[in-house]
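Below is one structure, written out as structure tokens, with a few remarks after it.
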Amino acid sequence: MNTVYTNTYDAPEFNMKEILRYAGVRESRGELEALLSSCIKEIKGRLTYKVCYSEFPISFCGELLDLGFIRTESRGLKKNLEGCESVVLFAATVGIEIDRLIARNASLSPAKALFFQAIGAERIESLCDTFNRDIADRKALEGYAARPRFSAGYGDFKLEAQKEIFAALDCPRRIGLSLNESLLMSPSKSVTAIIGFAKTKKTDNTGENNEDN
Amino acid sequence: MKITEYIKERILYLDGGMGTLLQARGLAAGELPERWNITRPEEIKRIHLAYYNAGSNVVNTNTFGANILKFSDEDLEKIVSSAVSIAKEAREESAGEQPKWIALDIGPTGRMLKPYGDLDFEDAVEVFAKTVRLGEKYGADFIFIETMNDSYETKAALLAAKENCGLPVFVSNAYGEDGKLMTGASPAAMTAMLEGMGADAIGVNCSLGPKALGAVVEEYLTYASVPVILKPNAGLPRAKDGRTVYDVLPEEFAEEVSELIKKGVRAAGGCCGTTPEYISALVKASSGIESAPLVKKNIASVSSYTHAVVFGDSPILIGERINPTGKKRFKQALKENDIDYILKEGISQQEKGVHILDVNVGLPEIDEVKMLKAAVCELQAIIDLPLQIDTSDPLAMEAALRRYNGKAMINSVNGKKESMDTVFPLAKKYGGLVVALTLDESGIPKRAEDRLKIAENILAEAGKYGIDKKDIIFDPLAMTVSADKEAARETLRAVSLITSRLGCHTSLGVSNVSFGLPERDIVNGTFFTMALENGLSAAIMNPYSLEMMKAYHTYRALAGLDDNCADYIGFASSVPQSTAQPQAQNSTPPVSVNDDFSSPLQRAIVKGLKEQAAQLTAEMLAETPPLRVVGEEIIPALDIVGVGFENKKLYLPQLLMSAEAAKSAFEVIKSNMSGEKATDKCRFILATVKGDIHDIGKNIVKLLLENYGFAVTDLGRDVPPEEIAAETVRLHAPLVGLSALMTTTVPAMEETIKLIRAEAPWCKIVVGGAVLTQEYADAIGADKYAKDAMETVRYAESIL
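Here the protein sequences line up with chains Y and L, keeping their order. 25 is the number of the first residue of the first sequence in the numbering used here; add one for each residue after it. 4 is the number of the first residue of the second sequence in the numbering used here; add one for each residue after it.
Spelled out as structure tokens, the structure:
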């Protein structure tokens, strides 16, 4: 069985433009930014930035793609991983406090709840980006290049794969992340994804994923 | 010898890692280790045997994940029975001469409990209960609950163990680098809750190496009266030549754990990455060490899911506002099942600085058991203050204590036999700090000495249940000074007597003293100061009373409890604001819409100025009838914003800010109209369907519908189809709104629609949520797909 590692990161820098975009604001307006910055102030120190991950060698056998922790026929994933030797499977979460803040404001101030929702979405994305860069840089030293990250529920890679992902990473124990019966994650601002690594020069370490909000 | 006796005198050596050893023996990724009890029992036995031979007094059975969420009943029984018998064989075969026990290992379910996950608290209790019953049946010596990283799940497991077997129970939690559980609890909070519920030993395992866990362990040693457990990892894992190795080696591990044994740890072993080699090193390094003696700590505390509140020198404020007595608007909220109203009372008291919230929802015409349980669950979902469960109904008290995520304050018991017979068993079972009123069958004694006597009787009776005096706090009853000039003095003497003679803490419902007098707050504030000077530990009080807050802050500063008077200075700077009109702090957002309004109130709503909108409404109501304010001011303002949003001139957050401002205006109107009922357009039911726990969209719809005059019954999230259909029928609701976020929960939506169609054929159904489209909505048979909240409002208006 593969080693599962756990990393805790410092808070990535806030991307205000992204937060506003998640809140449905296309062009910035001063009055909204005032409310947003009060939300950001409230959130300081309450989030955790945790990632657990493990590396798996992969093999292609006909229609099947064997990732070590799961076998899948997903074409989208196969295409993404073409030419790769291994994948890094990771799960990331910013913790339960953001869910509490959203719930606390749900009836008190839906405008704030909406912003906390947007902040959470931006935070988990930024955390994934941070981890992605971190692992890609490390693998680059070994001569590997990263593919865009790919999540369960993406294209024809079934959301049910979350079950195998959770079993392989032991997410509840490592980072306090759990999977509900309906395949939702708790805390809600969490992501799981696969990053393929191939021995090529081509790098692309930004990517998309299934953000669960 | 019983393990609970042994651990009082000696160091109890536990075992080390199991998972890491199984992986080394070929356990595959994702394979359930508990299966090996059946398929490879010899491997498991070798591991247990190696630990006994290394000097462990205890091995934990290979049952970390053995529960009915992962195995069928039949498989579970086989797995647990063979797990225990394998351990028994190892015990027989080991030549080690130390006393040996077998612990039934219980790990977390891997699922998050409601409200942030989908596992119900009682279901979690039942999951653990099944494993516990099997463990006792097959002969485990005690229960070892471990690696729990959520306080609520820990409570469910401990409760299950206590209710389903007679064995001792050890409880160990997994802390992060920040010294807290994943869901936020501190060691002091866990100590308060677990000791209160009767755990036999408590402590820490997994996550980090021994050194990194040092601070957490020391916090346990500070607060715990029961033995403290330590089972750390061998540091952090890294890969070396394709294998996993850990960065703390056996000798270093043994030394670091021994240091903590010296400080008082009583049960020591290892977790991930540790092997029999680590345990032998530990036994060797720590043999001959005198552990600090087990001392009973006389610390009175309560806890929430994040922190403990300790009663000591600094006075504790208990907010009294969640209580319908004498409050029309609150009573109305209770009758309408308006939990939001209660939550708001909680949040604003927290913002005023109280440490604990009293929760009283007793009203003759409501189901108090249901309401108190719901109020506790909802409050603890969003407010991290400990709660004081305030009820005279024992059923409601038990329901609330059972669901409470922490150690609650219990309000109250008194010197009457009947009261003690009812309350003490509950306090013993669920833990709690009990408020004891110094009255008995013959009433409230006039003299302080006689109240002291009742206090002594109460302590003696509590002792019979095994309830320690640290878990009783006395309320010697503030009596009305206008009716008896000696009243206040006797109460103050009683505070002083109970504090000095019994060494117990005291609490008072301060405001009773001023009953019948003018300007009561002035009297209350001074009485509070006098009581504090006589040793009072806590007050049940109104945090909106400036005089009370003045007394609190000045007392702390003058009594040397406020470093640099920092808290006082902070309070003083807020004083003018709290006396003057509502502050304009939140009034940030002028909205970019034409500045062409017929009135200041309209402008405040359009611009999203909450406080201003409330204030202007209040002023307006002095001259204008409420319904005219609604029809001529609020609704037109909402229409301006609604149209702006529909034309994409305004963004969603702006729409919401206006809606909030309108709501605060409505709130003023509502309290002004108490009695005469506003005519609601119709009853609209909202719910997020079963399996889905995202509800921000639904809440936005609710807010807007209410603004437009619809009565809304919000059933919440993760609501079963049966409940939605039943409520629709009960209220004969013409409209139901359903939301879902994930594709996986759309089937639940379809099922709900079918059921409503069958049972409430008159009802129109509107659906929405991130995953839905017009096509989806058609496919599952909804009447309407609404792409946003405004569209839902327009639809609702169209079918009236």
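Backbone N, C-alpha and C define an ideal beta-carbon position, used for all residues, glycine too.
query	result
Residue of L/N70, L/A402, L/V248 minimising C-alpha distance to L/A27	L/V248
As assigned by DSSP and simplified to three states, the class of L/P593	Low confidence applies to L/P593: its pLDDT is 41, below 50, so where it sits in the model is not reliable, and the reading given next is rough at best. The answer is coil: DSSP assigns L/P593 none of H, G, I, E or B.
Helix, strand or coil at L/Y249 [DSSP, three-state]	strand
Touch test, the stretch 445-452 of chain L against the stretch 489-501 of chain L, Cβ-Cβ under 8 Å, three pairs minimum	yes
Those runs of the alpha helix (DSSP H) which lie wholly inside the stretch 506-557 of chain L and span at least 4 residues	523-536
Residue environment, L/P171, which counts as buried when at least 16 other CB atoms sit within 10 Å	buried
Buried versus exposed, by CB contacts within 10 Å (16 or more), L/R193	Residue 193 of chain L is actually Met in this sequence, not Arg. Buried, because 16 or more other Cβ atoms sit within 10 Å of the Cβ of L/M193.
Simplified DSSP assignment, three categories, for L/I71	coil
Cβ of Y/S131 within 9 Å of any chain L Cβ	yes
According to DSSP, residues forming a beta bridge with Y/F174	Y/I218
Rounded C-alpha distance that separates L/T112 from L/L79	14 Å
From L/I105, L/I413, L/C568, residue whose alpha carbon lies closest to that of L/Y141	L/I105
Cβ-based neighbour list, L/D524, same chain, cut-off 6 Å, excluding 5 preceding and 5 following	S548, E550
Proximity of L/G19 and L/T394 at Cβ, strictly below 9 Å	no
Any 3 or more C-beta pairs closer than 8 Å across the stretch 374-387 of chain L and the stretch 525-538 of chain L	no
Partners in chain Y for L/G276, counting only beta-carbon separations shorter than 8 Å	Those within 8 Å of L/G276 in chain Y number zero; the least Cβ separation is about 10 Å.
The ligand GTP heavy atom lying under 8 Å from the CB of L/E139	No copy of the ligand GTP occurs in the structure displayed, which carries no ligand at all.
As assigned by DSSP and simplified to three states, the class of Y/P134	helix
Sequence-distant residues of the same chain with beta carbon closer than 7 Å to L/N40, five excluded per side	I47, N65, I82, S85, A86, I89
Terminal residues of the beta strand (DSSP E) in which L/W39 lies	First-last for L/W39: 39-42, but that is the alpha helix (DSSP H), not the beta strand (DSSP E).
Among Y/E79, Y/S98, Y/I143, the one whose alpha carbon lies nearest that of Y/L88	Y/S98
The stretch 687-699 of chain L contacting the stretch 115-125 of chain L, beta-carbon criterion three pairs below 8 Å	yes
Contact list for L/T747 against chain Y, beta-carbon separation under 8 Å	L183, S206, L207, L208
Delimiting residues of the beta strand (DSSP E) encompassing L/K234	231-234
DSSP state of Y/A76 mapped onto helix, strand, coil	The question names Ala, but residue 76 of chain Y in the sequence shown is Cys. In this structure, Y/C76 counts as strand in the three-state DSSP scheme.
7 Å Cβ cut-off: residues of chain L touching Y/P211	Y119
Closer than 9 Å to chain L by CB, Y/P172	no
Residue range of the alpha helix (DSSP H) that includes L/Q605	603-609
Exposed unless 16 or more other CB atoms sit within 10 angstroms - verdict on Y/F84	exposed
Expected contact under 8 Å - CB spacing of L/A227 and L/K334 to nearest Å	Actually they do not touch by this definition, with Cβ atoms about 43 Å apart.
Those residues which DSSP pairs with L/G206 across a bridge	L/S175, L/I232
L/F574 versus L/L741: straight-line alpha-carbon distance, rounded	45 Å
The stretch 427-447 of chain L contacting the stretch 393-411 of chain L, beta-carbon criterion three pairs below 8 Å	yes
L/P656: contacting residues in chain Y (beta-carbon distance under 8 Å)	A47, G48, V49, L56, L59, A135, L138, F139
Neighbouring residues, chain Y, relative to L/T247 (Cβ below 7 Å)	T27
Inter-residue Cα distance where the pair is L/P546 and L/I359	11 Å
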